[in-house]
Each structure stands twice: as C-alpha cells, then as structure tokens.
Amino acid sequence: MTELLLLLCIAGTGLGLARKLKLPAIPFWISGGLIAGQLDWSVKTTHLEQLLEMGLIFLVFASGMELNPSRFKHQWSIVWRVSFLQFSILVGIGWLVAFGLGFTPREACYPAVAMGTSSTLLAIRLLIQGRKMYEPFARMVIGVLLIQDLLMILLVVVLVKSNLGLLATIKGLGGTIVLGAIAWFVRQYFWTFFLRKFDSDEESFLLILLSTMFLFVSASFYFDLPLIVGAFFGGLSLSSFPIQGLAKGVMTSLSDFFFALFFTALGLYAGIPLSIYYWLQAAVFAGIVVIVTPILVALIAERAGLTARHAIEGGILLAQTSEFALVLGLAGHLSESGLPVERISQIALLSVMTMTITPVLSNDRVTHWLLRFHPFRNRHAVNSEWKNHVLVLGFGSAGDYVIQPFIERGDLVVVVDEDPAVVAKLQAKGKVTAIRGDGADRALLDQLHARKSRVILASMRRTEEAAGVLKYVDGAAPVFARVFEPEDGERIQSLGGIPILNSMASSEAFMSWYQTIGQDICNSRK
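Each residue of the sequence shown is one higher than the one before, counting from 691 in the numbering used here.
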C-alpha cells in the first residue's frame, strides 16, 4: 500500500502541473517517477513490477480501442507509405546513431525502434483537443499509428520468443495472427449482436468491457504470448462504431487512473541515469525525432496526395516516441537478454523530451511558419489578374447549390479545394475555375487576388482557417464562413465575417436563402 500511495501522490502532483501548464500529463508522470527514484525511498521492486503489469494492460487496451481502421479506409495508400517509410528510415537512422554513440548492436535496436514509432495516446488527444479528428491528415495519422502499434506488437513477440529458437518465434507469430482474427470477428459481429439484444446499465457494461479485456489477456497466456498482445487486440475489438464511443465513456476514468500508475511506476522503476553522457545521448535521439520526423512524413504524405499544410501538420503530430517503445524496453529488460536499466531510463527521457515538445509545436502558427520554407509550395502558381470574382474556399457537399446563382449570372467563379477528385470533376464541367490547394494559404490567396474578389465563401473544416482568411482580407471583401458551433460564429462575426451555422447550411430552406443573398451581393458589387 505504501508504493501505491506514493505513486498516487506523484501522479496527482504531475497531473496538476500538466493542467496548469496546459501540457500532456504523461511527461510529468514519468518525470515525477524518475525524480522520486533518486530519493532513496524503500520501494519493493516486485510491487512496482505488479503495478507496471496492471497499468500496462490498461494502457495497451486503451490504445487498441482508439484505432478504428474504418476511419482511414479511403487512405490506405498514404497510410502504408508513411507507416513503413517513417518506421524503416527513422529506425535505420536511429540504429546507426545509437551504434555510433557506443551502444551494442542489440541495445541500439531499442532507441532506434522508439524513434521510428509515435505515441497513439498523445496524438489522439492532441487531435481531439484541436477538433481535428476528421481532417484528412488526422485519418492518415490514425492509420499510421495503427500500423506502427501492430509492428510493435510483433516486435515484442519476436523479442520474447527469439531466445527460445526459430520454432518458438513462428508459433508466437502464429498465435498473434489467431488473436488478431478473433478480435476482428468480435469487432465485426459480436458487438453489433450485443447492442441489439442486450440493454445493460453502465455498471454492467463496464464489467462486460473488463471481462473482454481479461479474456483476451487470458487468450495470450493460452497461446504463450506476452500479455500486451491480448490486451491490444482486446481493445482493437472495441474500436468500431458505435461501441467505441460507449466503451470510452465508461472506461475513461478507470483507464486514466491506471495510465497515471503505469507511467509514474515506470519512471520510479527506471530511475534517472546519473551520467551526463546518457542525458546527451537521449537529447540527440530527441533532436532526430523532432526534426527528421516532420520533414520525412511531410515529404511522403504530400507526394501521396495530401496538401503541404496537412502533410506538415501530420508530421508534427507524429514527432514523438510511442508508449509502446517503453513497453518494448521493459520487455527487453525482463527478458533473458537483460537490457540494462539505464537504457530504459534513456528511453523514458526520450519520451519525456519528445512528448513535451510536440504539443508546443502542434499549432497553426508553427505550421504556417514551416510552410514558408517549403521548397515546392508555389510549384502550381496561379497567374491571374482577376477582380470582382467569386472565390469559394472549400467546395463541400453543398457546393453545387452555392455556386449555381453566380454561374447563372455569368460571374467568374474560382473554387479552391484540397480534394483532387472534386477539382477534376469541376474542371471537367468547365463552368468554374477549379484549383487544387489550401484555401488558408496566404501565398495562394495572394495569387488569387482574394482582396479584389466580390465575395468569399469559406466552407472550411476549422474555424481557425476561416479566421485566417478574414485577417488576410481585412474587410476588403465580404466573407461568408461556415461554422459548426455558435461560439465559433461569434468569433467569425467579431472578425468582420458573416457566420453560417452548419445546421442551417444543411437545410433546403437555407440553400434558397443563400442563393438570394448571393444575388444581392452580385447586384451590390457590380
């Protein structure tokens, strides 16, 4: 009980600091454990290992629950390219750097794998906080995280089984595939049947979820696999809609409790490396992750079809190490190979550094600053002398209705959209000028003479993008902006724009009203 009380005090303090500084709690939990490990408190290692094991089950279970493959089913091409190229290139660079810094070939694999994978929990939470979960780059990020987590699960199996011979490794991989197939079946069929047939209260539903988790963990024991394999696939079986939302609603508080215990116990278990050389090595690894990952992911994602801005945003979100790297290091320490505890401390330090830096960099200001250095940003430059034109930023599902009155009046309509299929369809019709690009990009707005337009219709996903357009135009042209929440509408109105609530924009009555407004604007500006 003494160990548990100590961990809860450290975790509570860390959570308070994280909320005060508006940063993720994970780095504070790990740091608190690392610092507490130097105070020479009498903590039994066996008790810590038991807490680590229980926290690990909930951590991996929750990570699997976050990863819904349906979200990126239309972006498999981008997901596969980014996943494997990011993983292979960064692991290769990390291994060479670690080996050059004095690691043995086997030890160098651990920081290398850590640098090639990203944190599922942190990336998902940053997407939710920024209200970006349904952006194209967010779907790409979720897909990359799923592939990387699956790779980490396979690596843990190979690591644990490799000392027992080739046959044991093959059996372990076979058991992993069988568990994955069971999880897929449960995800596709069982929960749909369950939701139709049973109406349970919240407490009973929580017990069913916990039973699912421990049944999968028991299955991993049956197949002689590490327990995290069953925990991950148990969570993945709950990742479909609508069971995911229901499960997260009742599991969040319990999961957060065990997250705090796990990361704090891990820091306390590993301790702070006393040599400054270990700190410098961790700093070198963190620098590679924070600098190389955004550049690499942005280049791959843009070539695969994302816009430059979304590719950079995705790269920044992936620029931190995965919590699975900590799991892999812990598994290596407890295996027969016996990874030194100082190396686990380095991986923990690497996680603290990158998980603290990424939230600071993950904002529109940094993204727009990085766009200034993009070498191919203006490769599709628009040369025009347009004025009094209608500028549509983001076509949307109602785009045809919106632009029709302007086309009937003979106005020049310029549409900017990120979707190549939408642009190709509009170009084929030939009634409007369609350009593939980022409507929030100031360089593109300059080329399109946005300040000289008759009206700007901003149908963007994020209020920040429409706000950026309003700041750029600065009252030179009227801006209609689609918003999703009343408070977003107030912000648009305060900047001089005309907000249109999405609920209103979806109704047939609004379409009729909007066409009338469009005609009035044309009459007043001609």
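Backbone N, C-alpha and C fix where the C-beta goes; we use that ideal spot for every residue, glycine too.
Neighbourhood of residue i by C-beta distance below 6 Å, restricted to the same chain and skipping five residues each side
i: F751; result: M903, A921, G924 and G925
i: G654; result: The structure shown has nothing for residue 654, since the chain only spans 691 to 1216.
i: S927; result: A873, V876 and R877
i: E1198; result: Annotation note: pLDDT 48 at E1198 (below 50); position unreliable, coordinate value reported separately. No residues qualify anywhere along the chain.
i: P1168; result: V1145
i: T997; result: E1108 and D1128
i: S929; result: M755, L757 and N758
i: G706; result: none
i: N1078; result: R1144
i: A1124; result: V1105, V1113, L1116 and Q1117
i: M823; result: L817
i: F913; result: G865
i: L698; result: none
Best match in the options for proximity to residue i [C-alpha to C-alpha]
i: E825; options: V1031, I1037, L1040 and A1001; result: A1001
i: P717; options: V982, T1057 and L956; result: L956
i: W719; options: A804, A960 and T954; result: T954
i: S760; options: L707, M830, V803 and D1054; result: M830
i: G1165; options: I1188, F1174, L899 and S1149; result: I1188
i: W785; options: T942, W1059 and P801; result: P801
i: P932; options: L900, S901, F884 and F913; result: F884
i: T703; options: A1124, G722, L713 and K712; result: G722
i: F952; options: L749, R1099, L1191 and G1100; result: L749
i: A1171; options: K861, V1103, Q1117 and V1092; result: V1092
i: L841; options: I1182, H764, F906 and S1012; result: S1012
i: V1080; options: T736, A804 and V1122; result: V1122
i: E992; options: V769, R709, A715 and F880; result: V769
i: G745; options: T1048, I1182, L958 and A950; result: A950
i: Y968; options: G792, V1050 and E893; result: G792
Nonlocal neighbours in the same chain, by C-beta distance under 8 Å from residue i, ignoring five residues either side
i: G961; result: L724, G727, Q728, V1031 and S1035
i: L695; result: none
i: S767; result: A994 and G995
i: P916; result: V846, V847, V850, S910 and A1021
i: M941; result: A752, M755, L896 and L899
i: S908; result: G920
Reduced DSSP secondary structure (H/G/I, E/B, other) of residue i
i: V769; result: helix
i: R1172; result: strand
i: P1049; result: helix
i: R1144; result: coil
i: V1080; result: strand
i: P641; result: Residue coverage of the chain in this structure runs from 691 to 1216, which leaves residue 641 outside it and unanswerable.
i: D1107; result: strand
i: L1123; result: It should be noted that the sequence gives Thr, not Leu, for residue 1123. Note: T1123 maps to strand in three-state DSSP.
i: L1191; result: strand
i: R1069; result: Only weak support exists for where R1069 lies, its pLDDT of 48 falling under 50; the coordinates are left without a value.
i: Y1091; result: helix
i: L696; result: helix
i: H879; result: Before going on, a small fix: residue 879 reads as Tyr here, not His. Helix.
i: Q740; result: helix
i: E1003; result: helix
i: Q1036; result: helix
i: Y1162; result: helix
Residues near residue i in its chain [Cβ-Cβ closer than 7 Å; skip 5 each side]
i: H1023; result: L1029, V1031 and I1034
i: F789; result: P795 and A798
i: E1003; result: F827 and T1057
i: S852; result: T859
i: R1062; result: none
i: P1049; result: L713, P714 and L816
Rounded Cβ spacing between residue i and residue j (contact assumed at less than 8 Å)
i: R1126; j: V1113; result: 4 Å
i: Q838; j: S808; result: 6 Å
i: I990; j: V772; result: 5 Å
i: S1052; j: L1007; result: 6 Å
(request) Count the C-beta pairs between the segment 977-990 and the segment 1035-1054 that are closer than 8 Å, then say yes if the count reaches three, no if not. (result) yes
(message) Closer than 8 Å is the cut-off here; do at least three beta carbon pairs connect the segment 735-742 with the segment 856-867?
(response) no
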